Amino acid sequence: MAGKIREEDVTSVRERARIDEIVRETVTLKAAGGGSYKGLCPFHDERSPSFHVTPSKGLYHCFSCGEGGDVITFVRKIDALSFTEAVEKLAVKYGIVLRYEEGSGNSSGQQGQRARLIEAHKVAGAFYKSQLLTPEAQHARTFLTERGFDQASWDQFGVGYSPSGWDGLRNELRSKGFTEEEMIAAGLAVSGQRGAYDRFRDRVMWPIRDSSGDTIGFGARKLTEADQGPKYLNTPETPIYRKSQVLYGIDLARRDMAKQQQAVVVEGYTDVMACHLAGVTTAVATCGTAFGDEHIRQLNRILSDDPANPAAVIFNFDPDEAGQKAAMRAFNDASKFNAQTFMAIGPDGLDPSDLRTQRGDAAVVEMIANKKPLLEFAIGRSMAKFDLASREGQVGAARAAASLLAQIQDSVMRSVYEKFVADSTSLDRSDIAALVADASKNQRKTAVAALRTSDPIEPVEANAEQDVELNLNDPLTNAERWLLIALTQVPQACDMVSFARIGKTHFSSPWYKDIARAVYQVRASVGDQDLMQNVLDRLEPKLHATFRDVAMAQIPASDEEGREKFAMGVLNRALEKTIEYEKNTLRQDRRQADALGDTAKVDEIDRQIAALDAEGHSLRKSR
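Numbered according to my numbering, the sequence shown spans residues 13 to 635.
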């Protein structure tokens, strides 16, 4: 174990680490006067900046959620680090040698785990880069050059090669003083009967970096059919790598994202490279997982919510079934963005990498420029399943599109798309409007029925990765745990309407989402009696232990009144965040209505926002 860092070294870190510089790695800041800066808070969802940074004092503060502190506190909370790990991360960045009160020097045994894992990845990245130039890597170089990537681009993105042997990287890390336990913890090696061996072998390697530029993992592409592993193999979940929070290329793209008010989301590593080399320098990709809420939060922190210069998030997915499903998930999440959402589809279904290889840089730029609103794409996809040459197909396509049109709150926008569907199906405009009205009515009925009898919390997809251990050191996961504790142990503190609202905006963890869903269903159907047993009956066995932890957790209170007061506090804070989400959705609708000159719609939305403001104020007063 490392000893305590000397206080004078901690002071040096605080003095040399500029808080505005560190915060800018996560948040886009704008001058706020008086030498301070403001931006969107990274600790809660918001669209109006309430997060302020004051470099002269070395402090930050959010006037909405109350988070605040110095540069070390910020790094601790944003990266879910211990105090020591945060200090060590900043020390590495600013070239400060730390001294410890126990022992001497900053030896390998004294460095914090995160610092050690980052350093191991740094060594691994250099090793893989050097291996790409060896004779053994000829097929890897061919793979890259055939896709239009020369050595200069390899260097720009840090691309490398993992040799086919079992111990190349292991021996390199050993020579640098790393233990096998550290290699395994970093996800760079796998434990075997004869000790650790290299996780990645005979693959093209892409370093995955966080927004500050630290390498935290790798993406690896197989090169031969003899390789029985998956086409792409990524670093597993580690203390420094959580794929639900990682966007490949964010270190290269974030500054241009903020400057251009644009983010382009593509599917793979070569697509990111192709976009950047073609001049689309705002491209990023997820790392072996679906684009989710954590990725949205990242982009929202970078893109400004400026009506005069609206941001754009442009998706590019493959035209296959998986790509289309991903596009529809993006459509369903559109309201969560501080931006307008679009879809860009390459000619002949080509992805950016193939498009650049076959037709050049200009074609990639043109593909992004020819983007279509995500709504238009979704409507087109819903109608594509029908034969528009037949009357039955036309009516079927119109009905499918109507269910999407019914979700458009803006009457002018809805009217525009009704005409689009009418023209596409050769049906009368009035028929489309009637179908939309019926769909809207049915959706309202379904929503009311669902609120009474089932769960507004969407079930987790069958292929969702639920076998990943819950990380209670993650502030978000820990907050979700306490919310579940309150909902389960003190159910009288939260009515079902509030539960429904909270359930739509919380529980990003698949485990907790499933549990919350079961709790809601039990309470809605049979009430609060025998809640624990009834919930257990609905859950998969693998979730039982997690639910028991929630149901049996100790609430910090000495009596029932204190327990209820604590639960009310937790639930009110959750409801406040829900209110912010609902307001953000309304603000997006308001911008659209304002752009179309629909003053009646603007006035109605303003009334709804005012009602939510009053509700939020009431909750804050009740604390």
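A virtual CB, placed ideally from N, CA and C, is assigned to each residue, including glycine.
Since this is a predicted model, take the numbers as computed values, not measurements.
> Looking at the C-beta of G231, does it have a partner C-beta in chain C at a distance below 8 Å?
Replying inline: As a matter of chain content, chain C is missing from the structure shown, which is built from one protein chain.
> For N246, which three-state DSSP category applies?
Replying inline: strand
> Where does P385 fall in DSSP's three states?
Replying inline: strand
> Which residue comes first and which comes last in the alpha helix (DSSP H) that contains Y645?
Replying inline: For the chain, the structure presents residues 13 to 635; residue 645 sits outside this window and is missing.
>> I'd like the span of the alpha helix (DSSP H) that includes Q406, first residue to last.
In response: 403 to 417
> Beta carbon of K141, beta carbon of G170: below 8 Å?
Replying inline: yes
> In terms of residue numbering, what span does the beta strand (DSSP E) encompassing L213 cover?
Replying inline: Inspection of the sequence shows that residue 213 is occupied by Arg rather than by Leu. Per DSSP, R213 belongs to no beta strand (DSSP E) and is neither H nor E.
>> Taking the straight line between their C-alpha atoms, what separation do you get for Q257 and N312?
In response: 13 Å
>> Here's the rule I'm using: 16 or more other beta-carbon atoms within 10 Å means buried, otherwise exposed. How should L145 be labelled?
In response: exposed
> Count the other CB atoms within 10 Å of the CB of H307; is the residue buried (16 or more) or exposed (fewer)?
Replying inline: buried
>> So the candidates are E97, E100, V99, L52; which of them puts its Cα closest to the Cα of E79?
In response: L52
> If A4 sits next to S436, beta carbons under 8 Å apart, how far is it from one beta carbon to the other, in whole angstroms?
Replying inline: An answer regarding residue 4 cannot be provided, because it is not within the stretch 13 to 635 covered by the chain.
> Ordered along the chain, which non-local residues of its own chain (more than five positions away) have a Cβ less than 8 Å from that of Q620?
Replying inline: L598
>> What residue range does the alpha helix (DSSP H) around V171 cover?
In response: Taken as a continuous stretch (DSSP letters only), V171 belongs to no alpha helix (DSSP H), as it is neither H nor E.
>> Tell me which residue opens and which closes the alpha helix (DSSP H) that G291 is part of.
In response: Unbroken run through G291: none, as it is neither H nor E.
>> Quick check: what's the CA-CA separation for E477 versus V202?
In response: At E477, the pLDDT of 41 sits below 50, so the modelled position is not reliable; the number obtained from the coordinates is stated separately. Near 20 Å, if we compare the C-alpha coordinates of V202 and E477.
> Looking at C-alpha atoms only, which residue of S415, A297, R403, V278 is the closest neighbour of S438?
Replying inline: R403
>> On the criterion of 16 or more Cβ atoms from any shown chain inside 10 Å, does D549 qualify as buried, or is it exposed?
In response: exposed
> Would you call P568 buried or exposed, if buried means 16 or more other Cβ atoms sit within 10 Å of its Cβ?
Replying inline: exposed
> Applying the criterion that 16 or more other CB atoms from any shown protein chain within 10 Å of the CB defines a buried residue, is D363 buried or exposed?
Replying inline: buried
> On the three-state DSSP scale, how would you describe F354?
Replying inline: strand
> Cα separation between Q272 and A127?
Replying inline: 33 Å
>> Please identify the residue among V83, D167, E58 whose C-alpha is closest to the C-alpha of P67.
In response: V83
> Straight-line CA distance for T38 to D268?
Replying inline: 13 Å
>> If you follow the alpha helix (DSSP H) that L156 is in, where does it begin and where does it stop?
In response: 150 to 157
> Based on the DSSP secondary-structure assignment, which residues constitute the bridge partners of D317?
Replying inline: DSSP lists no partner for D317.
> A265 to A138, Cα distance in whole Å?
Replying inline: 22 Å
> Any idea which residues DSSP pairs C74 with across the strands?
Replying inline: F63
>> Nearest by alpha-carbon distance to G574: which of T369, A505, Q168 is it?
In response: A505
>> I'd like to confirm the pairing. Which residues does DSSP put opposite Q545 in its beta bridges?
In response: DSSP output for Q545 lists no bridge partner at all.
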